[in-house]
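Accompanying notes for the structure given below.
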DNA sequence: AAATAAAATGATATCGGTTACATTTTAGTT
DNA sequence: AACTAAAATGTAACCGATATCATTTTATTT
């Protein structure tokens, strides 16, 4: 590959002039500039940006830690990141970490070693916290699932309010026996959504029943499995609120296999509004999150930090939307029959 | 950030010794090595890998051009790439190109400018072809949808045979009126799968009907739309073979909305075997592709090329598998009734 | 103890750009 | 024509590591 010296030789000027002709053309006479451009063309010269980055100390790369790229919601987030990064001329280094702390720490080292300028974390874990830092904190933005006391800008959604809104919706349909298929127990996301669920129950004067909370891991399979468990209860719930759409779709299948009709026999709600949610049978009632916007905002915030356009620590809260589709409906009047005398219904 | 000179100063040795103590410890005396390691620790030294990369001329980055990261199949491919790249200590630079030639060419420049060592292309387009190359070809691997005459290693699947296998399956169930929802017309993938479909029809002596081919774009929506069109035909098909699972799931929804039962009234088949395929209603008969393996293989091939472990141009063909689920079934005997006299059925 | 080989360490060029500073050329003024 | 300011260009240091080659130190042999 030809370098700047080669071009300088061809154009019969100094390397500094070549550099200037390309970077600040106004500093170079038209005649020289043309000579240089001709030489660039002749040599097929492409500046070695690795050298530029090294010299400038800026890699113009951002590391993104994604728990699972194969998750549809995160795929949308990444899509938004891509868009914003490209616009601002940064590249994304993708880290598929399977939510493994050590894998994330390994990726965080890319920032420490100047291979990336900053990091976007989509999980409530601070990979820099454990790196023995003699210097100040490295640039980071935390999005989607955020740390309670994040030492960095944050992009999130009011998960508690969203879960409350969904639960209120189910309550308004007459449901009183509402199960929830959660995510991993330690996750703040799970905690907040359970809290919102509880808020709604409390406000409606419905007793909270811990045993209605079923653990899942955000996959179709886990939604199916958890639902199967719920159906073994002597009094089965009249509605299942899943913490994401994948689990809700898993739940739908399980219910179908048990011969239950949704929403006639049981209502199902999801969270995220992935594309498949509108195409399930029945289409899924869910909470829509602006996934791409999460990505765009996170990238823009991080670059703002890097370019010093930001001093304080912003906390961006994106809006959610309750999307009503066919998977939720009024509770069946005969429902409590299993363990309630029919006389109550009169 | 502290650098190697700082460490050398602290350890009271030369920078060369520091470098050696870290890279080839066996060349340095134990005493000196310990002094250096202590200094490294004291200074919180992390080698600037941007400098290392610059010096070595190798970025250890790979560009991946993905038509749509939000596509479930590609998400799995990326997942596999990640895994392989991490193992071999490379990073992935992700380019979400929306199948736009110019966007891909822009990303290809990352390789030209030494920011990445090679490129993986998941589409039948050669972004290097248009770059005026004075030098030899830049390292590239083409996977999933491949160029007919790819000037590089290739990872693919026998799409023609796979489509033929699925069509044969449908034929064996008695279907003679089989529609196909295709991908974009220009794609070799589409061409090969249509060819395989036709192979099977020909072998069975069933006439090929061009009007049964319906264009789609691999999204849920397009599957839905195309199906709606097919249902307007005076003689509606008894089976629909979709070129990917998303479109098949879109088709399922459309059929449901029209009050048609799958597979009793009409059979539906997909391609890819994404996770949702097993959870649709009914579960989707499809062609399983080893998506993660595509990613892993592509990355390993590219790195082999980069590390000169490869001279010839390999063409890896991964296996597919026909996965039979509930969305395909025998053709209804009364089906041809719409435009065939009942007398034929006796 | 001297000679020699082997091991350890140091000085420095190098990668390919950018940029501060020095120098030369051109344009403008009297 | 002489002088000055401005514009254009050149020289060389620099970014942080690696690696070659030279030099010094240590170990081994006689």
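Residue numbers (the numbering used here), protein chains in the order written: chain A, 1 to 346; chain B, 347 to 692.
Glycine included, C-beta positions come from ideal geometry on N, C-alpha and C.
Environment of residue i [buried if 16+ CB atoms lie within 10 Å]
i: residue 387 (chain B); result: exposed
i: residue 376 (chain B); result: exposed
i: residue 224 (chain A); result: buried
i: residue 78 (chain A); result: buried
i: residue 476 (chain B); result: exposed
i: residue 233 (chain A); result: exposed
i: residue 136 (chain A); result: exposed
i: residue 551 (chain B); result: exposed
i: residue 208 (chain A); result: exposed
i: residue 399 (chain B); result: buried
i: residue 328 (chain A); result: buried
Strand pairing of residue i, partner residues [DSSP]
i: residue 149 (chain A); result: Per DSSP, none; premise fails for residue 149 (chain A).
i: residue 96 (chain A); result: A:66
i: residue 321 (chain A); result: A:288
i: residue 561 (chain B); result: B:528
i: residue 488 (chain B); result: B:467 and B:500
i: residue 704 (chain B); result: As shown, chain B starts at 347 and ends at 692. That puts residue 704 (chain B) outside it, with no answer to give.
i: residue 618 (chain B); result: B:634
i: residue 241 (chain A); result: A:180 and A:269
Straight-line gap, residue i to residue j (C-alpha atoms, nearest Å)
i: residue 668 (chain B); j: residue 631 (chain B); result: 8 Å
i: residue 307 (chain A); j: residue 56 (chain A); result: 13 Å
i: residue 201 (chain A); j: residue 166 (chain A); result: 11 Å
i: residue 171 (chain A); j: residue 239 (chain A); result: 9 Å
i: residue 535 (chain B); j: residue 157 (chain A); result: 40 Å
i: residue 178 (chain A); j: residue 237 (chain A); result: 6 Å
i: residue 612 (chain B); j: residue 211 (chain A); result: 42 Å
i: residue 36 (chain A); j: residue 18 (chain A); result: 6 Å
i: residue 497 (chain B); j: residue 258 (chain A); result: 53 Å
i: residue 687 (chain B); j: residue 418 (chain B); result: With a pLDDT of only 39 at residue 687 (chain B), under 50, the local geometry of the prediction cannot be trusted, and the value read off the model is given with reservation. So the two alpha carbons sit approximately 45 Å from each other.
i: residue 253 (chain A); j: residue 262 (chain A); result: 10 Å
i: residue 25 (chain A); j: residue 125 (chain A); result: 46 Å
i: residue 192 (chain A); j: residue 148 (chain A); result: 11 Å
i: residue 529 (chain B); j: residue 249 (chain A); result: 26 Å
i: residue 385 (chain B); j: residue 304 (chain A); result: 34 Å
i: residue 484 (chain B); j: residue 405 (chain B); result: 14 Å
i: residue 289 (chain A); j: residue 159 (chain A); result: 10 Å
i: residue 88 (chain A); j: residue 309 (chain A); result: 14 Å
i: residue 85 (chain A); j: residue 665 (chain B); result: 36 Å
i: residue 500 (chain B); j: residue 659 (chain B); result: 8 Å
i: residue 317 (chain A); j: residue 527 (chain B); result: 41 Å
Three-state secondary structure (DSSP) of residue i
i: residue 731 (chain B); result: Look at the range of chain B in this structure, 347 to 692, and you will see that residue 731 (chain B) is not part of it.
i: residue 34 (chain A); result: helix
i: residue 157 (chain A); result: strand
i: residue 359 (chain B); result: coil
i: residue 399 (chain B); result: helix
i: residue 315 (chain A); result: strand
i: residue 547 (chain B); result: helix
i: residue 108 (chain A); result: helix
i: residue 387 (chain B); result: helix
i: residue 6 (chain A); result: helix
i: residue 282 (chain A); result: coil
i: residue 48 (chain A); result: coil
i: residue 304 (chain A); result: helix
i: residue 18 (chain A); result: helix
i: residue 294 (chain A); result: helix
i: residue 247 (chain A); result: helix
i: residue 193 (chain A); result: helix
i: residue 136 (chain A); result: coil
i: residue 573 (chain B); result: helix
i: residue 447 (chain B); result: helix
Residue i: CB within 7 Å of a non-hydrogen atom of the ligand SAM
i: residue 531 (chain B); result: Among the components of this structure there are no ligands whatsoever, and the ligand SAM is therefore not found.
Exercise for review: Please name the residues in the segment 395-414 of chain B whose beta-carbon is closer than 8 Å to at least one beta-carbon of chain A, in chain order.
Suggested key: 395, 396, 397, 399, 400, 403, 405, 407 and 414
Exercise for review: Could you run through the segment 257-291 of chain A and flag, in chain order, every residue whose CB is less than 7 Å away from some CB of chain B?
Suggested key: 275, 276, 279 and 281
Review point. Using Cβ-Cβ distances below 7 Å, what residues of the segment 413-444 of chain B are close to chain A?
Key: 415, 416, 418, 421, 422, 424, 425, 428, 437, 438, 439, 440 and 442
Point to revise | Interface residues of the segment 368-394 of chain B facing chain A [CB-CB below 8 Å] | key: 389, 390, 392, 393 and 394
Practice item. Please list the residues of the segment 166-195 of chain A that have a C-beta atom closer than 8 Å to any C-beta atom in chain B, keeping them in chain order. Key: none
Practice item. Closer than 9 Å, Cβ to Cβ, to anything on chain A: give me those residues from the segment 566-579 of chain B, in chain order. Key: 566, 567, 569 and 570
Point to revise | Interfacial residues, the segment 110-132 of chain A to chain B, with Cβ spacing under 8 Å | key: The segment 110-132 of chain A vs chain B, Cβ under 8 Å: 110, 112, 113, 114, 115 and 132.
Exercise for review: Anything in the segment 308-320 of chain A with a Cβ closer than 9 Å to a Cβ of chain B? List those residues in chain order, please.
Suggested key: none
Point to revise | Residues within the segment 241-252 of chain A neighbouring chain B, beta-carbon criterion of under 7 Å | key: 249 and 250
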